[in-house]
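Chemist: Okay, here's the structure, questions in a sec.
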Amino acid sequence: MTAQPKSIVIYEISKNKAISVPLEHESVWLSLDQMTELLNRDKSVVSRHIKNIFAEKELVRKSVVANYATTAPDGKTYKVDYFNLDVIISVGYRVKSLRGTQFRIWATKTLRDYILKGYAINKNRLIDTGIDELGRAVALIKQTLDSKVLTTVESRGILRVITDYAHSWVMMHKYDEGEIKISGKTKPKYALTYDEAIGFVHELSTTLHAQDAATKFVGMERDDHGLDRIIGSINQTYGGKDVYKTVEEKASHLLYFVIKDHPLIDGNKRSGSLLFIHYLAMNGLLFRQTGERTINDNTIVALALLISQSHPKDKEIMIHLITNLLG
DNA sequence: CTTTAACTTGCAGAACCGCT
DNA sequence: AGCGGTTCTGCAAGTTAAAG
């Protein structure tokens, strides 16, 4: 495996010096030489610490080491061991130096929360590429969602990844932008009606029941006309103008309201997602000109989970997030 | 077989810790 | 303060592996 890892600066030593920590395969990997620089110690010292870490069975070698090929100045390639975050932190704790101390403080503070996700994000990166990062988070869980039936523990874990991620994203944006604007530029040409919507919901519940994948309450309306109200509100006009002007905006609110207001006894996430997809499709926004989906099923699953976990005060940022993903 | 780079090991000094 | 022990450290000298 050859790797020229994408670098992200995450560890600032001082105002004008920082160490680049490469991100690869959803984790952080450093070679011996890089750790030497990071921790400001002789290579032999780092080497010895690593050896001890494995000798003392603090970590198991094969689960934390990757073998890459690097190209030396002479053009030859050598195999170099890359050590993951666990090793970097372990060595960091053994090294006695100012650098080591700083690293430990930084690692404990900054990294711990991100280890779960497998990668670290610094503030600027988060602001610049927040939406891409969510996409990455979604991609990360994609395999899991695709490949197997989830246990409760696993789905909780995945949920935590999404919500943790979303939380940081929300915080950063709130802090740095102050105000959130809702985007989108597609004019609606199709309006969803209640009858149509409830038809879809019933269809969904029939399908799910046929697959034995739902309780009998899925698709059953609560008795407060919630769904009707939601559809009314996304079609709502004020002074002859739509309150929500674009398809992106309307679709986002539709998804958000169905999940958050739970007009159905059960199956709100699934129904909301279905109506969301339907609404996008009818307004020609589900597919790009290339025929590729604007928003794939996994992303919608992630969004649905995210919305259901989100705090009501973060409604605008959720809407913002969805409209951006549609953009 | 030689060169080169990556990595390990031997060694001695320094810092530290608990104990007397 | 002095002692024995441990851990960490850099240097120098080693081994290992890739490739001409």
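FYI, in the numbering used here the residues of the first sequence are 228 to 554. The beta-carbon is built from N, C-alpha and C at its ideal position, and this holds for glycine as well.
1) Do Asn510 and Thr413 have their C-beta atoms closer together than 8 Å?
2) Tell me whether the beta-carbon of Ser500 lies closer than 8 Å to the beta-carbon of Ile527.
3) Take the Cβ of Asn351 as the centre, count every other Cβ of all protein chains shown within 10 Å, and call the residue buried at 16 or more, exposed below.
4) Among Asn279, Ile504, Ser537, Val474, whose alpha-carbon lies nearest the alpha-carbon of Leu431?
5) From Leu338 to Met262, what does the alpha carbon distance come to, in whole angstroms?
6) Please report the distance separating the alpha-carbon of Asp469 from that of Trp256.
7) If you run the structure through DSSP and keep just helix, strand and coil, what is Glu448?
8) Determine the DSSP secondary structure at Ile368, reduced to helix, strand or coil.
9) With a floor of 4 residues, list each alpha helix (DSSP H) that falls wholly inside the region 440 to 503, ordered by position along the chain.
10) Taking the C-alpha atoms as reference points, what is the distance between Asp493 and Thr442?
11) Rounding to the nearest angstrom, what Cα-Cα distance links Ile486 and Glu264 in this structure?
12) Should Leu553 and Ile522 be called a contact, given that it needs their Cβ atoms to be closer than 8 Å?
13) Can you tell me whether Thr550 is helix, strand or coil according to DSSP?
14) Spatial neighbours of Ile549 within its chain, please: C-beta separation below 7 Å, excluding the five flanking residues on both sides.
15) What span of residues does the alpha helix (DSSP H) with Thr304 cover, start to end?
16) What are the start and end residues of each continuous alpha helix (DSSP H) run of 4 or more residues lying completely inside the region 412 to 437, in chain order?
17) According to DSSP, is Val292 helix, strand or coil?
18) Quick check: what's the CA-CA separation for Pro490 versus Val314?
19) Leaving out five residues on either side along the sequence, give the residues of the same chain with a beta carbon under 7 Å from the beta carbon of Arg520.
20) Is it buried or exposed, Phe310, if we count other Cβ atoms within 10 angstroms and call 16 or more buried?
21) Our contact map puts Lys477 next to Ile461 with C-beta atoms below 8 Å; I'd like the distance itself, whole angstroms only.
22) Between the C-alpha atoms of Lys289 and Asp260, what's the straight-line distance to the nearest angstrom?
23) Give every residue of the same chain whose Cβ lies closer than 7 Å to the Cβ of Ser211, excluding the five residues on either side of it in the sequence, and list them in chain order.
24) Out of Glu285, Asp488, Leu286, which one is the CA nearest neighbour of Arg456?
25) Between the alpha carbons of Ile546 and Asp422, how many angstroms are there, rounded?
Modeler: With the structure as the only source:
1) yes
2) yes
3) Model confidence at Asn351 stands at a pLDDT of 46, short of 50, so the residue's coordinates are unreliable; what they give is reported in the following sentence. Exposed is the call here.
4) Ile504
5) With a pLDDT of only 49 at Leu338, under the threshold of 50, the placement of this residue in the model should not be trusted; the figure read from the coordinates follows. C-alpha separation (whole angstroms): 16 Å.
6) Using only the alpha carbons, I get a separation of about 51 Å.
7) strand
8) Confidence at Ile368 is low in this model, with a pLDDT of 47, below 50, so its placement is unreliable and the value that follows should be read with caution. Helix.
9) 453 to 461, 474 to 488
10) 8 Å
11) 49 Å
12) The Cβ atoms of Leu553 and Ile522 lie closer than 8 Å to each other.
13) Of the three classes helix, strand and coil, the one that applies to Thr550 here is helix, per DSSP.
14) The answer, listed in chain order, is Ser479, Leu482, Leu530.
15) First-last for Thr304: 304 to 311, but that is the beta strand (DSSP E), not the alpha helix (DSSP H).
16) 421 to 437
17) strand
18) 49 Å
19) Leu513, Phe514
20) buried
21) Yes, they are in contact, since the Cβ atoms of Lys477 and Ile461 sit about 5 Å apart, within 8 Å.
22) Roughly 19 Å separates the two Cα atoms.
23) The chain is shown only over 228 to 554; residue 211 falls outside these bounds and no answer can be derived.
24) In terms of CA proximity to Arg456, Asp488 leads the group Glu285, Asp488, Leu286.
25) 25 Å
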